[in-house]
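*Asks:* Going by my numbering, the first residue of the sequence shown is number 8, and it counts up by one from there. Virtual Cβ for every residue (Gly too), placed ideally from N, Cα, C.
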Amino acid sequence: MRSLLGIRDFRLLFLGQAASNWGDALTSITLLILTQRLTGSVAAVAGTAIAVALPQLLFGLPAGVFVDRWDRKRVMVVSDVVRGILVLGFVFVTSADLLWLMYVVAFAQAAIGTFFNPAKGAMIPAIVPGDRLLAANSMMETSRIVLGLLGTAAAGVYAGVSQTLWPVFVVDSMTFILSAVLVQAIRTESRGARGEGSITELRHELTIGLRTAVRSRPLVGVFVGAGVVMLGLGAVNVLLVPFVVDDLGVSETWFGALEASQVSSMVLSGMLVAVLAARFRPTRLVATGLVATGILTATIATVGSVWQFMAVLFAAGWFLTPLQASMSTIVQSEVPDELRGRIGSTLSTIVQTANVTSMALAGVAAAAFGMRSVFVGSGVIGVGAGILAFLLFRTAEARTPARERAPEASPA
Numbered sequence: 008m009r010s011l012l013g014i015r016d017f018r019l020l021f022l023g024q025a026a027s028n029w030g031d032a033l034t035s036i037t038l039l040i041l042t043q044r045l046t047g048s049v050a051a052v053a054g055t056a057i058a059v060a061l062p063q064l065l066f067g068l069p070a071g072v073f074v075d076r077w078d079r080k081r082v083m084v085v086s087d088v089v090r091g092i093l094v095l096g097f098v099f100v101t102s103a104d105l106l107w108l109m110y111v112v113a114f115a116q117a118a119i120g121t122f123f124n125p126a127k128g129a130m131i132p133a134i135v136p137g138d139r140l141l142a143a144n145s146m147m148e149t150s151r152i153v154l155g156l157l158g159t160a161a162a163g164v165y166a167g168v169s170q171t172l173w174p175v176f177v178v179d180s181m182t183f184i185l186s187a188v189l190v191q192a193i194r195t196e197s198r199g200a201r202g203e204g205s206i207t208e209l210r211h212e213l214t215i216g217l218r219t220a221v222r223s224r225p226l227v228g229v230f231v232g233a234g235v236v237m238l239g240l241g242a243v244n245v246l247l248v249p250f251v252v253d254d255l256g257v258s259e260t261w262f263g264a265l266e267a268s269q270v271s272s273m274v275l276s277g278m279l280v281a282v283l284a285a286r287f288r289p290t291r292l293v294a295t296g297l298v299a300t301g302i303l304t305a306t307i308a309t310v311g312s313v314w315q316f317m318a319v320l321f322a323a324g325w326f327l328t329p330l331q332a333s334m335s336t337i338v339q340s341e342v343p344d345e346l347r348g349r350i351g352s353t354l355s356t357i358v359q360t361a362n363v364t365s366m367a368l369a370g371v372a373a374a375a376f377g378m379r380s381v382f383v384g385s386g387v388i389g390v391g392a393g394i395l396a397f398l399l400f401r402t403a404e405a406r407t408p409a410r411e412r413a414p415e416a417s418p419a
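1. Straight-line CA distance for Leu327 to Val280?
2. So the alpha helix (DSSP H) Pro136 belongs to, where does it begin and stop?
3. What's the C-alpha gap between Leu156 and Ala267?
4. Considering just the uninterrupted stretch of the alpha helix (DSSP H) at Val190, what are its terminal residues?
5. Here's the rule I'm using: 16 or more other beta-carbon atoms within 10 Å means buried, otherwise exposed. How should Leu105 be labelled?
6. Only counting the same chain, and skipping five residues up and downstream in sequence, which positions put a Cβ closer than 6 Å to that of Val298?
7. Among Val74, Ser333, Ile337 and Thr182, which one has its Cα closest to the Cα of Pro125?
8. Measuring only the C-alpha atoms, how far is Leu108 from Thr295?
9. Just how far apart, CA to CA, sit Leu226 and Ile388?
10. Does the distance from the C-beta atom of Leu154 to that of Thr37 stay below 7 Å?
11. Among the candidates Thr42, Arg139, Arg286 and Leu33, whose CA atom is the shortest distance from the CA of Val164?
12. For a quick check, are the C-beta atoms of Asp31 and Ala187 less than 7 Å apart?
13. Let me make sure I understand the geometry here. Which of Asn28, Arg44, Gly370 and Arg194 has the alpha-carbon closest to that of Val100?
14. Confirm, please, whether the CB-CB distance from Thr336 to Asn28 is below 7 Å.
15. Check this for me: beta carbons of Leu140 and Gln339, under 7 Å apart or not?
16. Return helix, strand or coil for Pro343, following the three-state DSSP convention.
17. If the criterion is Cβ atoms closer than 7 Å, does the pair Gly324 and Gln269 meet it?
18. Checking 7 Å against the spacing of the C-beta atoms, do Arg58 and Phe97 come in under that value?
19. Let me know the secondary structure DSSP gives Phe287 once reduced to three states.
20. For Val310, which of helix, strand or coil comes out of DSSP?
21. Taking only the alpha-carbon atoms, compute the straight-line gap between Gly23 and Val84 and give it to the nearest angstrom.
22. Give me, in chain order, the residues of the same chain whose beta-carbon lies closer than 6 Å to that of Leu12; leave out the 5 immediate sequence neighbours on both sides.
23. I need the boundaries of the alpha helix (DSSP H) containing Ser27, first residue and last residue.
24. Report the residue from Val235, Thr55, Gly158 and Met147 whose alpha carbon sits nearest the alpha carbon of Val111.
25. Looking at Gln63: is its Cβ nearer than 7 Å to the Cβ of Ser355?
26. For Leu330, which of Ala308, Val293, Phe376 and Glu148 has the nearest alpha-carbon?
27. Output the residue ranges of the alpha helix (DSSP H) runs that lie fully inside the stretch 321-403 and measure 4 residues or longer, sorted by chain position.
28. May I have the straight-line CA-CA distance separating Asp254 from Asn362, to the nearest angstrom?
29. Whose C-beta lies closer than 8 Å to the C-beta of Leu95 among residues of the same chain, with five residues either side of it excluded?
30. DSSP three-state call for Gln170: helix, strand or coil?
31. Quick one: Cα of Ile357 to Cα of Gly241, how far?
32. Since Leu247 and Ser365 should fall inside the 8 Å C-beta cutoff, what is the C-beta to C-beta distance between them, to a whole number of angstroms?
33. Return the Cβ separation of Gly386 and Ile302 in integer angstroms, given the expectation that the two are a contact with Cβ distance under 8 Å.
34. With distances taken Cα to Cα, identify the nearest neighbour of Arg286 among Arg379, Asp138 and Val82.
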């Protein structure tokens, strides 16, 4: 970890994202609380979630093409500044009649994010040496998780003692600006291949990116694994609240403890990623992580108390950070710099599409078969995702000389 933070540009990116992740978590939970206070409607809360999810489905793929054409650092800085301004729009949402403004601002913010995220993903390999990529991705993922938990907790505490929520959005705006300042100070160049082009050329470049993804077995393994597993996990995310409150019969105050139980093991496993990277290929970590996640998801159907549920979440956390970091590392390692934006956007779009589809079907499936049956089904889907990914990775490794497959040591 210290050796990575010794890389000046990575340190700047890491600190900027830490601040931004904390601010994002503040706003995310506060928007849900604000919507609930103004309307008391589950449908209205769902509308906020949809407004955030839609931009990735609509703009994710073309955004990746533009990221591969433009200066990635400039994309990140402009995205942060614009989002820092947009988030202030939530300050003016003071009644249910202005809920439309919340949806518009949330949609616009998420749309800008479709440019920022692939630019960041393409920037990391330009800053960090290849043998440290897995450790770097693990640090970024662990930071996102920890700061997300802290931001959620801070928002919950503040909302519990105050009826005035607009200061949260001002603070989030400041974190975006801080991130922009830190990213602007990065010296590493990460510029796309070309800066201009017609719609036809853009379509052609998008096609090139998709062909690259389809022709690479490791990339196909990541895409299939991530997409299939989210077909199961999206439903789990929707059903957790009613499961805890209605099935396990405990109050909402337990959600902080439940989240902390998983986050704690995710942080601990993040510290071990460098050790794992020295012993196992990222492809093996992905396949194992998917299967383990599926098994543990199905195990939720057997829990009879909130304490047992916490134990399952704690166990799952050990696999999630290595899984997510390994997926990012495979994508960054397999894709040439000029295509990283497109490939990153493709992965995000696949995951978000599967997630939204799963969430949309969750309620119907739970009503028809029961929540616990849905957890079992989601777990089976997760195990299937791991098996599919393993088979695709094995095919790729069979075509690769053994000396190229040997894992490289990854300093912490």
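*Replies:* Straight from the coordinates:
1. In the sequence shown, residue 327 corresponds to position 320, counting from 1. In the sequence shown, residue 280 corresponds to position 273, counting from 1. For Leu327 and Val280, the distance between alpha carbons rounds to 11 Å.
2. Taking the first residue of the sequence shown as 1, we reach residue 136 at position 129. Run containing Pro136: none; DSSP gives neither H nor E here.
3. In the sequence shown, counting from the first residue as 1, residue 156 sits at position 149. In the sequence shown, counting from the first residue as 1, residue 267 sits at position 260. One C-alpha to the other measures close to 7 Å.
4. Here the question's residue 190 lines up with position 183 in the sequence shown. It spans Trp173 to Gln191 - the alpha helix (DSSP H) in which Val190 sits, taken as one unbroken run.
5. As a first step, residue 105 must be located in the sequence shown, where it is residue number 98. Per the 10 Å Cβ criterion, exposed.
6. Mapped onto the sequence shown, residue 298 falls at position 291. Val390 and Gly393.
7. Taking the first residue of the sequence shown as position 1, residue 125 is located at position 118. Nearest option by C-alpha distance: Val74.
8. Position 101 of the sequence shown, counted from the start, is the residue given in the question as residue 108. Position 288 of the sequence shown, counted from the start, is the residue given in the question as residue 295. Looking at the two C-alpha atoms, the distance is approximately 43 Å.
9. Within the sequence shown, residue 226 is the residue found at index 219, counting from 1. Within the sequence shown, residue 388 is the residue found at index 381, counting from 1. Their Cα atoms are separated by approximately 20 Å.
10. Residue 154 sits at position 147 when you count from the first residue of the sequence shown. Residue 37 sits at position 30 when you count from the first residue of the sequence shown. No, the Cβ-Cβ distance between Leu154 and Thr37 is not below 7 Å.
11. Against the sequence shown, residue 164 aligns to sequence position 157. It is Leu33.
12. Numbered from its first residue, the sequence shown carries residue 31 at position 24. Numbered from its first residue, the sequence shown carries residue 187 at position 180. Not closer than 7 Å, so no.
13. Position 93 of the sequence shown, counting from 1, holds the residue named residue 100. Residue Arg44 is the option with its Cα nearest to Val100.
14. Taking the sequence shown and counting its residues from 1, one reaches residue 28 at position 21. Taking the sequence shown and counting its residues from 1, one reaches residue 336 at position 329. Contact flag unset, no.
15. To locate residue 140, count along the sequence shown from 1; it is residue 133. To locate residue 339, count along the sequence shown from 1; it is residue 332. Yes, these two residues count as a Cβ contact at 7 Å.
16. Here residue 343 corresponds to residue number 336 of the sequence shown, with the count starting at 1. In this structure, Pro343 counts as coil in the three-state DSSP scheme.
17. Numbered from 1 along the sequence shown, position 317 holds the residue referred to as residue 324. Numbered from 1 along the sequence shown, position 262 holds the residue referred to as residue 269. Yes.
18. Indexing the sequence shown from 1 puts residue 58 at position 51. Indexing the sequence shown from 1 puts residue 97 at position 90. One detail in the question is off: residue 58 reads as Ala in this sequence, not Arg. Contact flag unset, no.
19. In the sequence shown, the residue the question calls residue 287 occupies position 280. Phe287 falls in the coil class under three-state DSSP.
20. Walking along the sequence shown from the start, residue 310 turns up at place 303. Here Val310 sits in coil by DSSP.
21. Counting from 1 along the sequence shown, the entry for residue 23 is found at position 16. Counting from 1 along the sequence shown, the entry for residue 84 is found at position 77. Straight-line Cα distance between these residues: approximately 11 Å.
22. The count along the sequence shown starts at 1 and reaches residue 12 at position 5. Answer for Leu12: Arg18, listed in chain order.
23. In the sequence shown, the residue the question calls residue 27 occupies position 20. Unbroken alpha helix (DSSP H) run through Ser27: Arg15 to Thr46.
24. Mapped onto the sequence shown, residue 111 falls at position 104. If we check each option's Cα against that of Val111, Thr55 comes out closest.
25. Start at 1 with the first residue of the sequence shown, and residue 63 comes out as number 56. Start at 1 with the first residue of the sequence shown, and residue 355 comes out as number 348. Going by C-beta atoms, Gln63 is nearer than 7 Å to Ser355.
26. The residue you call residue 330 lines up with position 323 of the sequence shown. Taking only the C-alpha atoms, the option nearest Leu330 is Val293.
27. 347-376
28. Walking along the sequence shown from the start, residue 254 turns up at place 247. Walking along the sequence shown from the start, residue 362 turns up at place 355. Whole-angstrom Cα-Cα distance: 23 Å.
29. Along the sequence shown, read from residue 1 onward, the residue named residue 95 stands at position 88. Excluding positions up to five away in sequence, the list reads Phe176, Val177 and Ser180.
30. For the purposes of this step, residue 170 is identified with residue 163 of the sequence shown, where counting begins at 1. Note: Gln170 maps to coil in three-state DSSP.
31. Walking along the sequence shown from the start, residue 357 turns up at place 350. Walking along the sequence shown from the start, residue 241 turns up at place 234. Answer to the nearest angstrom: the Cα atoms are 13 Å apart.
32. Position 240 of the sequence shown, counting from 1, holds the residue named residue 247. Position 358 of the sequence shown, counting from 1, holds the residue named residue 365. Contact flag wrong, Cβ pair sits at about 13 Å.
33. Position 379 of the sequence shown, counted from the first residue, corresponds to residue 386. Position 295 of the sequence shown, counted from the first residue, corresponds to residue 302. Right, the Cβ-Cβ distance comes to about 6 Å (below 8 Å), so this counts as a contact.
34. Numbered from its first residue, the sequence shown carries residue 286 at position 279. When each option's Cα is compared against that of Arg286, the closest is Asp138.
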